[in-house]
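Have a look at the structure below before the remarks.
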Amino acid sequence: MYLKGKAHKFGNDVNTDYIISGRYKFKTLDMKELARHVMEDLDPEFYARIKKGDFIVAGKNFGCGSSREQAPLAIINADISAVIAKSFARIFYRNCINTGLPLVECDTDLIEPGDELEIDLNQGILKNMTRGIDIPITPLPPVMLKILDDGGLVEHFKKYGTFNLTEK
Amino acid sequence: MGKTIAEKILSYKSGKNAKANDIVIADLDFVMGQDGTSPLAIQAFNEMKAVRVFDPKRVAMVIDHSSPSPLQGVSQLHQQMRQFASEQGIILYDIGEGVCHQLLPEQGLVVPGDLIIGADSHTCTYGAINAFSTGVGSTDLAAGIVSGKLWFKVPETIKFICNGKLPPGVFSKDLILFLIGDVTADGATYMAAEYVGEAIKDLSVEARFTISNMAIEMGAKCGLMEGDEKTVAWVKAHSQRDFELVQADEDAEYARVLEYDVSDLEPQVAKPHTVDHVAPVGEVAGTRIHQGFIGTCTNGRMEDLRIAAQILQGKKIAPDTRFIVAPSSRQVMLEAMAEGILQILVEAGAAVVTPGCGPCVGTHNGVPSDGENVISTANRNFKGRMGNNRAFVYLASPATVAASMLTGKITDPREFF
Ligand code: SF4
């Protein structure tokens, strides 16, 4: 999986309520509508600035808080192609893989707002084109790449009826 | 090289030699959803074109978060759950039965050595009875109820050794708040916690649930305890199922080992608006309290209600305060009635609400108003948690909450013990 886009930067401990506020997430299951409010409490102009394929870049513990899947779904529907952070909260991490949103763990201090990034998920390479540096990333295990390639866990189950993953 | 409890359970359930950081696909013993997460899972189940759940006896849905329904929209979602449950023949706990994390162990559905997923972040609670249980989202829940399996990254483990004896008036809630304050809200992210030592062994199984319940508040995937004779007796009293305890090997490898002496621990309070914002009660004593709440999957059990009754017996809560009590299950409520505990609490001024989540998650049953301070036995005090992001939530033990209700201020409960 090959991704390319611009970095939008946030800080540490971005919780699921910041990703999509409770004001909206209980009101509708229309994910396109939820997407309009993604990260609104941290940056009200955020949605307007996203170009298809861009990245959310953050510090540690991204996605902490509740187990609700509206958070990754709102990000996907805002046309963000991946989230890059120093670390992720665990349930959010699973929910992203399962809903088909790629995650990249790396040292995000090497990325500034607006940097152009290119990511090869299968090779495990992140290139910061603006700064001309390669940033080492923790590669995703094959099991997760397979779920992502299938477009998430629902699609995976549609295809196979159960888990069909090569185990380590 | 030996194995941790997490590595052993995941090895056993996956049929592989699972070590930390491996990815395994493992067989699930039990799968649970609540009313906030089940409707999306039912939707995913249908999108997966699934027809039947893997085993109806191993799947439960619990209507506890907004229960009884406060809104028409919620009623529709509850109806979907009831319909799905009756079509599939799965276990359904309807309004008034209690909080999911109380029901699964209490009804004997989960036992030591089990691998359990629940679409609720506090599913880690059953680690207290030596089971690997963890919270997931709705799509994982759907995959679990379709296939009876799930993929897991085998977690590394942090071992918390708690030596010494808790002083009178200091409880398991104080201990876990202290540990979270120490390692912080993401101190155990991606990891399992193992709680061992004399102070843990001394606790009743009920008090142990409080500690495992809050493992997620340090980011952990599960909060495991080794079983002992108390575990065996408790589980046998609740379940017909056979089981074997799973102990960690002497030479198991840990990411970190942290050692504490709890002998001088004071009652602890988590201040607004994060769970790791912890202070000894003395630091916040005197803070005006408008509402107190005893309940939730953390501290709504018999032992908790007994402690509150011990403090409140024959007394009245302070004027201009409100006191809400939500027994964690119908069984707890019945026992509390039979023992006269509810009588004592209601006479003291408590408003008793339906067994279930009650005001914990802010859907109904006691949303505070702007600027008010609440002291609660729950596990989260995030902004907006109880339904108002202009209120301030303090977390404490049932003893500290009861003592604070008497004075209308945050109060050290040790004078009562
Ligand atoms: S009591 Fe509170 S923390 Fe426990 S399951 Fe219910 S809402 Fe969640």
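Listed in order, the protein sequences are those of chains A and B.
Going by our numbering, the first sequence opens with residue 1, and the numbers climb by one from there.
Going by our numbering, the second sequence opens with residue 1001, and the numbers climb by one from there.
Even glycine gets a Cβ: it sits at the ideal position worked out from N, Cα and C.
>> Can you tell me whether HIS1120 of chain B sits near the ligand SF4, meaning its C-beta is under 7 Å from at least one heavy atom of the ligand?
In response: To locate residue 1120 of chain B, count along the second sequence from 1; it is residue 120. The residue you asked about is not His; residue 1120 of chain B is Asp in the sequence shown. For ASP1120 of chain B, the distance from the CB to the nearest heavy atom of the ligand SF4 is below 7 Å.
>> Please tell me whether LYS86 of chain A has its Cβ less than 8 Å away from any Cβ of chain B.
In response: What you label residue 86 of chain A is simply residue 86 of the first sequence in a count that begins at 1. Contacts with chain B at 8 Å (Cβ-Cβ) do not include LYS86 of chain A.
>> Measuring straight from C-alpha to C-alpha, what distance separates ASN122 of chain A and ASP1182 of chain B?
In response: On the first sequence, residue 122 of chain A is found 122 positions in, with the first residue counted as 1. On the second sequence, residue 1182 of chain B is found 182 positions in, with the first residue counted as 1. Between ASN122 of chain A and ASP1182 of chain B, the C-alpha separation is close to 38 Å.
> Per DSSP, what kind of secondary structure is PHE1160 of chain B in: helix, strand or coil?
Replying inline: By one-based count along the second sequence, residue 1160 of chain B stands at place 160. Three-state DSSP puts PHE1160 of chain B in a strand.
>> Does the distance between the C-beta of CYS1297 of chain B and the nearest non-hydrogen atom of the ligand SF4 fall short of 7 Å?
In response: Working through the second sequence from its first residue, we reach residue 1297 of chain B at position 297. Indeed, a heavy atom of the ligand SF4 lies less than 7 Å from the Cβ.
>> On a Cα-Cα basis, can you pick out the residue from B:PHE1382, B:GLN1313, B:PRO1355, B:VAL1246 that is closest to PHE1132 of chain B?
In response: Sequence index remark: in the second sequence, residue 1132 of chain B carries index 132 (1-based). Nearest option by C-alpha distance: B:VAL1246.
>> Rounding to the nearest angstrom, what Cα-Cα distance links GLY945 of chain B and ALA1399 of chain B in this structure?
In response: The requested residue 945 of chain B is not part of the displayed model; chain B covers only 1001 to 1417.
> For HIS1078 of chain B, is the beta carbon positioned less than 7 Å from some heavy atom of the ligand SF4?
Replying inline: Taking the first residue of the second sequence as position 1, residue 1078 of chain B is located at position 78. No, since every heavy atom of the ligand SF4 falls outside the 7 Å radius drawn around the Cβ of HIS1078 of chain B.
> Taking 7 Å as the cut-off, is the CB of HIS1273 of chain B close to at least one heavy atom of the ligand NAP?
Replying inline: With respect to the ligand NAP, the structure offers nothing, as its ligand set consists of the ligand SF4.
> Is any beta-carbon of chain B found at less than 8 Å from that of GLY11 of chain A?
Replying inline: Reading the first sequence from its first residue, position 11 is the one you call residue 11 of chain A. Using beta-carbon distances, GLY11 of chain A does not count as an interface residue toward chain B, since no partner is under 8 Å.
>> If you reduce the DSSP assignment to three classes, tell me which class LYS6 of chain A lands in.
In response: The sequence position of residue 6 of chain A within the first sequence is 6, counting from 1. Of the three classes helix, strand and coil, the one that applies to LYS6 of chain A here is strand, per DSSP.
> Listed in chain order, which residues of the region 127-143 of chain A have Cβ atoms closer than 9 Å to some Cβ of chain B?
Replying inline: The region 127-143 of chain A vs chain B, Cβ under 9 Å: PRO141, PRO142, VAL143.
> Between the region 1141-1155 of chain B and the region 141-160 of chain A, are three or more C-beta pairs nearer than 8 Å?
Replying inline: The region 1141-1155 of chain B is in contact with the region 141-160 of chain A.
>> Any contact between the region 1209-1218 of chain B and the region 1170-1179 of chain B? By contact I mean 3 or more CB pairs, one from each, below 8 Å.
In response: yes
>> For ALA1192 of chain B, list the residues DSSP reports as bridge partners.
In response: On the second sequence, residue 1192 of chain B is found 192 positions in, with the first residue counted as 1. DSSP, once it has assigned bridges, lists B:THR1157, B:CYS1222 as partnering ALA1192 of chain B.
>> I need the DSSP call for SER1376 of chain B, collapsed to helix, strand or coil.
In response: Here the question's residue 1376 of chain B lines up with position 376 in the second sequence. Shown here, SER1376 of chain B sits in a strand according to DSSP, grouped into three states.
> Anyone know if the C-beta pair for THR1377 of chain B and THR1298 of chain B falls short of 8 Å?
Replying inline: Stepping through the second sequence from its first residue, residue 1377 of chain B is reached at position 377. Stepping through the second sequence from its first residue, residue 1298 of chain B is reached at position 298. In this structure, THR1298 of chain B lies closer than 8 Å to THR1377 of chain B by Cβ.
> Got a sec, what are the start and stop residues for the alpha helix (DSSP H) THR16 of chain A sits in?
Replying inline: Sequence index remark: in the first sequence, residue 16 of chain A carries index 16 (1-based). Taken as a continuous stretch (DSSP letters only), the alpha helix (DSSP H) holding THR16 of chain A covers 16-19.
>> Rounding to the nearest angstrom, what Cα-Cα distance links PRO1112 of chain B and ASP43 of chain A in this structure?
In response: Position 112 of the second sequence, counted from the start, is the residue given in the question as residue 1112 of chain B. Position 43 of the first sequence, counted from the start, is the residue given in the question as residue 43 of chain A. So the two alpha carbons sit approximately 46 Å from each other.
> Grouping DSSP H, G and I as helix and E and B as strand, with all else coil, what is LEU1395 of chain B?
Replying inline: In the second sequence, the residue the question calls residue 1395 of chain B occupies position 395. For LEU1395 of chain B, the secondary structure class from DSSP, reduced to helix, strand or coil, is strand.
> Could you give the residue range of the beta strand (DSSP E) that holds HIS1270 of chain B?
Replying inline: By 1-based counting over the second sequence, the position of residue 1270 of chain B is 270. It is Ala, not His, that sits at residue 1270 of chain B in the sequence shown. 1268-1270 is the extent of the beta strand (DSSP E) around ALA1270 of chain B.
> Along chain A, in chain order, which residues have C-beta atoms closer than 8 Å to that of MET1218 of chain B?
Replying inline: What you label residue 1218 of chain B is simply residue 218 of the second sequence in a count that begins at 1. The premise fails here: MET1218 of chain B is roughly 11 Å from chain A at the closest Cβ pair, so nothing lies under 8 Å.
> At least one CB of chain B closer than 8 Å to the CB of ARG90 of chain A: is that the case?
Replying inline: Position 90 of the first sequence, counted from the start, is the residue given in the question as residue 90 of chain A. Interface with chain B (8 Å Cβ-Cβ cutoff): ARG90 of chain A is included.
>> So, at 7 Å on beta carbons, what are the nonlocal neighbours of ALA1006 of chain B in its own chain, with the 5 sequence-adjacent residues on each side left out?
In response: Position 6 of the second sequence, counting from 1, holds the residue named residue 1006 of chain B. So the list reads PHE1132, VAL1154, PRO1155, THR1157, ALA1192, CYS1222, LEU1224, once near-sequence residues are dropped.
> Quick one: Cα of PRO1272 of chain B to Cα of ALA1326 of chain B, how far?
Replying inline: Here residue 1272 of chain B refers to the residue found at position 272 of the second sequence. Here residue 1326 of chain B refers to the residue found at position 326 of the second sequence. So the alpha carbons of these two residues sit roughly 22 Å apart.
> For GLU1250 of chain B, which residues of its own chain have a beta-carbon under 8 Å away from its beta-carbon, when the five flanking residues on both sides are left out?
Replying inline: In the second sequence, residue 1250 of chain B corresponds to position 250, counting from 1. Only GLY1002 meet the Cβ criterion.
> Are any of the Cβ atoms in chain B nearer than 8 Å to that of LYS51 of chain A?
Replying inline: By one-based count along the first sequence, residue 51 of chain A stands at place 51. In terms of beta-carbon proximity, LYS51 of chain A stays away from the interface with chain B, with every pair separated by 8 Å or more.
>> Just verifying my parser: in three-state terms, what is the DSSP assignment at CYS1357 of chain B?
In response: Numbered from its first residue, the second sequence carries residue 1357 of chain B at position 357. DSSP places CYS1357 of chain B in coil when its eight states are reduced to three.
>> Along the chain, where does the alpha helix (DSSP H) containing VAL1146 of chain B start, and where does it finish?
In response: Here residue 1146 of chain B refers to the residue found at position 146 of the second sequence. Looking at the DSSP string, the run of the alpha helix (DSSP H) that includes VAL1146 of chain B is 1138-1147.
>> If the criterion is Cβ atoms closer than 8 Å, does the pair ASN61 of chain A and ASP1186 of chain B meet it?
In response: Taking the first residue of the first sequence as 1, we reach residue 61 of chain A at position 61. Taking the first residue of the second sequence as 1, we reach residue 1186 of chain B at position 186. Cβ atoms of ASN61 of chain A and ASP1186 of chain B: closer than 8 Å.
> At a CB-CB cut-off below 7 Å, which residues of chain E make contact with GLY124 of chain A?
Replying inline: Of the protein chains in the structure, A and B, none is chain E.
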